[in-house]
Amino acid sequence: MRAKMALIIVLLTLLTAAGGCVFEPRKAELPDTGDDGTWITPNLPKDVFVNLITGLAADANSNYERSLDQNFTFIPLTEDVSALGSEVFEGWNKEIEMEMLTRLKGIFLGERTFQFGDENMVFEREDIDVGYAEFEGEYVITLETGDGSPVETYAGRAIFYLEKQTQGWMLTRWEDIDVSGSFPSSGYLRGTLRGSN
Amino acid sequence: MSDRSIIGALACAILVLLPWGGSGWCGESGPDAAAVPVPADSAAAGPDSTRAAGADSAAAIEALPSRISEADSASVDPFIPVWRSFMSADDKDVALGSEMSIVNLPGSDWIMNSVLRVEKKSYRGRDMEDINEQLTSNAVKIRPGLYRVMVIMGENYTKKKTLGLARYGKDLIYDTKSAMIDAAYTKPLLGASSSQLAFRGDARGGTQDFKYDKTLAGGVSSLFTYDFGGLLRVKAGGGILHKHETSEIGSIVFGGMPSRADTVRVGAEYGEEDEKLMSVSYERITGIDRKASPPRGNSLEILDNPELVKEEEARLNVEKLEIGSHVQPFRFLVVDIDFLHRLSSQKHKVDKRLSKETEESALRASTNYSFSKSGVINVAVSTKERTDDYGPLSLSSFTEKEKKVTMRLKQDVTDSLSVAMSGSAWLKQRFFKKRDANPRDADYLYYKIEGSMNASLHPRMKANIVGVITRNETINIDRTLSGDNRNDFQYRLAPKIQLNPTSWLDLSQEYSIKIEYTDFVYKENENYLNRTTTMITNAFIKVLQPLLFSFKHIYLMRDSGSYLLRDGMRRYNREGENFEYGLFLKAHYRYSADLDLIAEADFKTQENNRLGFREGEKIVTSSTVYDSGGLKIGINRKHTFWKNGKIDLDINYVKRFGPYLSAERREYWIVNSSIAYTF
Numbered sequence: 001m002r003a004k005m006a007l008i009i010v011l012l013t014l015l016t017a018a019g020g021c022v023f024e025p026r027k028a029e030l031p032d033t034g035d036d037g038t039w040i041t042p043n044l045p046k047d048v049f050v051n052l053i054t055g056l057a058a059d060a061n062s063n064y065e066r067s068l069d070q071n072f073t074f075i076p077l078t079e080d081v082s083a084l085g086s087e088v089f090e091g092w093n094k095e096i097e098m099e100m101l102t103r104l105k106g107i108f109l110g111e112r113t114f115q116f117g118d119e120n121m122v123f124e125r126e127d128i129d130v131g132y133a134e135f136e137g138e139y140v141i142t143l144e145t146g147d148g149s150p151v152e153t154y155a156g157r158a159i160f161y162l163e164k165q166t167q168g169w170m171l172t173r174w175e176d177i178d179v180s181g182s183f184p185s186s187g188y189l190r191g192t193l194r195g196s197n
Numbered sequence: 198m199s200d201r202s203i204i205g206a207l208a209c210a211i212l213v214l215l216p217w218g219g220s221g222w223c224g225e226s227g228p229d230a231a232a233v234p235v236p237a238d239s240a241a242a243g244p245d246s247t248r249a250a251g252a253d254s255a256a257a258i259e260a261l262p263s264r265i266s267e268a269d270s271a272s273v274d275p276f277i278p279v280w281r282s283f284m285s286a287d288d289k290d291v292a293l294g295s296e297m298s299i300v301n302l303p304g305s306d307w308i309m310n311s312v313l314r315v316e317k318k319s320y321r322g323r324d325m326e327d328i329n330e331q332l333t334s335n336a337v338k339i340r341p342g343l344y345r346v347m348v349i350m351g352e353n354y355t356k357k358k359t360l361g362l363a364r365y366g367k368d369l370i371y372d373t374k375s376a377m378i379d380a381a382y383t384k385p386l387l388g389a390s391s392s393q394l395a396f397r398g399d400a401r402g403g404t405q406d407f408k409y410d411k412t413l414a415g416g417v418s419s420l421f422t423y424d425f426g427g428l429l430r431v432k433a434g435g436g437i438l439h440k441h442e443t444s445e446i447g448s449i450v451f452g453g454m455p456s457r458a459d460t461v462r463v464g465a466e467y468g469e470e471d472e473k474l475m476s477v478s479y480e481r482i483t484g485i486d487r488k489a490s491p492p493r494g495n496s497l498e499i500l501d502n503p504e505l506v507k508e509e510e511a512r513l514n515v516e517k518l519e520i521g522s523h524v525q526p527f528r529f530l531v532v533d534i535d536f537l538h539r540l541s542s543q544k545h546k547v548d549k550r551l552s553k554e555t556e557e558s559a560l561r562a563s564t565n566y567s568f569s570k571s572g573v574i575n576v577a578v579s580t581k582e583r584t585d586d587y588g589p590l591s592l593s594s595f596t597e598k599e600k601k602v603t604m605r606l607k608q609d610v611t612d613s614l615s616v617a618m619s620g621s622a623w624l625k626q627r628f629f630k631k632r633d634a635n636p637r638d639a640d641y642l643y644y645k646i647e648g649s650m651n652a653s654l655h656p657r658m659k660a661n662i663v664g665v666i667t668r669n670e671t672i673n674i675d676r677t678l679s680g681d682n683r684n685d686f687q688y689r690l691a692p693k694i695q696l697n698p699t700s701w702l703d704l705s706q707e708y709s710i711k712i713e714y715t716d717f718v719y720k721e722n723e724n725y726l727n728r729t730t731t732m733i734t735n736a737f738i739k740v741l742q743p744l745l746f747s748f749k750h751i752y753l754m755r756d757s758g759s760y761l762l763r764d765g766m767r768r769y770n771r772e773g774e775n776f777e778y779g780l781f782l783k784a785h786y787r788y789s790a791d792l793d794l795i796a797e798a799d800f801k802t803q804e805n806n807r808l809g810f811r812e813g814e815k816i817v818t819s820s821t822v823y824d825s826g827g828l829k830i831g832i833n834r835k836h837t838f839w840k841n842g843k844i845d846l847d848i849n850y851v852k853r854f855g856p857y858l859s860a861e862r863r864e865y866w867i868v869n870s871s872i873a874y875t876f
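Line by line, the protein sequences are chains P and Z. Quick note on the working numbering: the first sequence kicks off at 1 and runs consecutively. Quick note on the working numbering: the second sequence kicks off at 198 and runs consecutively.
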């Protein structure tokens, strides 16, 4: 008797889930013709950086999101941990990175740019193995609020760790290793956007 | 007290006093320079000294040599100096260090421990090195059920030296001298079944990157527990912490910045120890933290422009209420319900981007139903609502609502066969408060169904199969972003078989077929599909008693392409294919109980083809092939000498090849070795 009850519960749950009627999301408006940034299939490691650049510039998040591995993590500089507190960076993962990106796009409504490596995307160190790659070098992020305020620039040196997954190359870890000039780093930007409570 | 104990006590005292005799043994003097400042964690000292002190005590005791912590202290040597030198290296860095620790048992249940540690790390391929010098002395005395006293003093010095241009040759220095005393009276008071009154005092000073800090902090806390009839327990406690900090940045002084934090905790539980029928707890933390902060991020500019430093003030207020119930009305049914409500706010005076108010409520109910002796089903429902408010000027404030249903079923069909199934549905909705200016409202709908079967087909043969289907839907509501709306599907089937035909051979083979498909709702020309097939073969062979050999082969085939509507039908157009082979070999030879020889080799090859059409036929338009691999040879040697000496050598030589490898990664050593002597 109990087994039958259990079976009924399972079947009801599965049927409900399969029918897509467990939860009812909102209806989306029909899209306009905005440019969301072209997606490049990441067959090569550096394709990931191109998609991150377009993912930051575009209003939509998909290029950025699809460039991050499920196990993505960010490692901040010691100085940023000191300034903002270790709890701000605790458990940094893909979900937190995407929340940070969404908030960033809500603050900086103007032009948003990324530069990885030099102007030609050449890094000081490039190690590419089968299925695994590391790039070490400069990065520069410029952000405009769109209200005439001065452009905010964040820069530093980082090691970018990439892996080839079933959907192509993806960024698994971003590790800030040094500052660049007197600019605040990406860790400071991330930390201030996440907040600490 | 024996002579050795007296010598030990003197040695400890000298180690403790050294850093306070002037500029400190680390060589960096204090407050002169523009260099500077405050312990990073100085602001983080919590108000609840009871908990913090408990953790520190445990850490201090855990750090003791095993012969102290494991043995009866009455029968061990009361004075134990241990010297240790160590080295580690890999493809990223090389570190060398030395450590001297002295454990002393002067009597009367006191345990004293002093550690002096120096480590230098150089980064391969980078003009950077870290130097860390650490001196810690602590003394602990615990009378269970009566009191606990702990004193910790020390200095921690860290210098990160960059020779590159990025820092213009400036070093990052943290140098903290600190002294802390923690005491707790643990004998039950006021009729409580257990209680604790604790005091904690803390003094510290030193260079913290761009500033020089001097901090005095003190706090008291209490915790009372009342037990009524073994079923009802009521707990109440609280603590206050005050801190005064002075920061010097060049000639500018921020004097006597006061901070405080107050905590109140109350709670009650009803039920047996392991079966709490009901529990309620409430916690409130309020505080103000003041410290000198650079205007935005990088502190380097502060070294030249100390006038840019601001006094930051952060006001914190957190309230948390938790209610939980656990009911087992029948032997086969368990129902759990948990509720959480949390309010928190953090308001910053200078960097207002850090200010935030959050309100969160969550409710979760779960049922465990044992429908047979070997079968159980679990159904859980949860709902959560959270509001993040970044202030009236921000466009980013939002409310997020979540609902989730999860079902799990597990059934042991026979002793050798079991099946499990699970399914979940999850809706997350985000509502922005200023949607007109920041139109990022979005819904996320996730579904997942998973099934698995484990079977022992024969005593020497096991099989396992897992199947997973997921569907993730992203729905941006506003028309400016809805072009990005998409459904991500994933189907995965992974059977695995394990064989153990003889005592010297283990074999396993696992297969995985994975199909990933993204379907853009309004941009069908971006739909794509990936198909991946993987086969992994493992063999573990015990050739001779001391010689083990393992073999692993990986084959991966992946193709990807578009999956577009043509003539009313979806057609798959392969645009690229990828083949990978990997071979990993490892031999492990145990020459003796304390000497192992290890050799590893790996080889990987990857072929990437871009596909296209020529004269109506699909062809490979371009192809690249990467080969990479390497060899690793190592020795692992453990050796004791002169009765109390110990050498631990783990040394490996690595040589790798590949088309795009830097010199640092082509040839390097992996070392993790140490030599230690207990006097």
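Beta carbons: idealized from backbone N, C-alpha and C, even for Gly. The model shown is predicted, which means the values in this text are computed figures rather than measured ones.
Alpha-carbon spacing of residue i relative to residue j, whole angstroms
| i | j | result |
| --- | --- | --- |
| Asp176/P | Leu429/Z | 51 Å |
| Phe23/P | Leu474/Z | 31 Å |
| Arg763/Z | Met604/Z | 39 Å |
| Gly426/Z | Tyr467/Z | 10 Å |
| Met98/P | Lys852/Z | 39 Å |
| Pro25/P | Ala286/Z | 53 Å |
| Leu332/Z | Thr373/Z | 10 Å |
| Val122/P | Thr818/Z | 26 Å |
| Lys570/Z | Glu713/Z | 38 Å |
| Ile328/Z | Ala83/P | 21 Å |
| Glu864/Z | Gly827/Z | 9 Å |
| Glu316/Z | Met284/Z | 9 Å |
| Arg487/Z | Met454/Z | 6 Å |
| Phe854/Z | Arg345/Z | 58 Å |
| Asn51/P | Asp793/Z | 47 Å |
| Glu480/Z | Tyr423/Z | 18 Å |
Local conformation of residue i per DSSP, three classes
| i | result |
| --- | --- |
| Arg340/Z | strand |
| Lys720/Z | coil |
| Tyr874/Z | strand |
| Ser82/P | helix |
| Pro385/Z | coil |
| Met98/P | helix |
| Ile40/P | coil |
The alpha helix (DSSP H) enclosing residue i, as first and last residue numbers
| i | result |
| --- | --- |
| Ala57/P | Asp47 to Ala57 |
| Phe89/P | Ser86 to Phe89 |
| Tyr857/Z | Tyr857/Z -> no alpha helix (DSSP H), and no H or E assigned at all. |
| Asn63/P | Ser62 to Ser67 |
| Gly813/Z | Unbroken run through Gly813/Z: none, as it is neither H nor E. |
| Leu189/P | Ser186 to Arg194 |
Endpoints, beta strand (DSSP E) assigned at residue i
| i | result |
| --- | --- |
| Glu707/Z | Leu702 to Phe717 |
| Tyr423/Z | Lys408 to Phe425 |
| Thr671/Z | Met658 to Asn673 |
| Gln608/Z | Phe595 to Thr611 |
| Glu556/Z | Lys553 to Ser569 |
Own chain partners of residue i with C-beta closer than 8 Å, once the 5 adjacent residues on each side are dropped
| i | result |
| --- | --- |
| Leu761/Z | Glu721, Asn722, Asn724, Arg767, Arg768 and Asn770 |
Same chain, Cβ closer than 7 Å to residue i, neighbours up to 5 away in sequence not counted
| i | result |
| --- | --- |
| Ile128/P | Pro45 |
| Asp585/Z | Lys553, Thr555, Ser594 and Phe595 |
| Val81/P | Phe89 |
Other residues of its chain near residue i: CB distance less than 6 Å, five sequence neighbours each side excluded
| i | result |
| --- | --- |
| Gln695/Z | Lys659 and Ser705 |
| Leu530/Z | Tyr566 |
| Asn669/Z | Tyr643 and Asp685 |
| Asp368/Z | Lys356 and Lys358 |
**Asked** Listed in chain order, which residues of the segment 679 to 713 of chain Z have Cβ atoms closer than 8 Å to some Cβ of chain P?
**Response** The segment 679 to 713 of chain Z vs chain P, Cβ under 8 Å: Ser679, Gly680, Asp681, Asn682, Arg683, Lys711 and Glu713.
**Asked** Listed in chain order, which residues of the segment 761 to 787 of chain Z have Cβ atoms closer than 9 Å to some Cβ of chain P?
**Response** Residues Glu772, Gly773, Asn775, Glu777 and Gly779.
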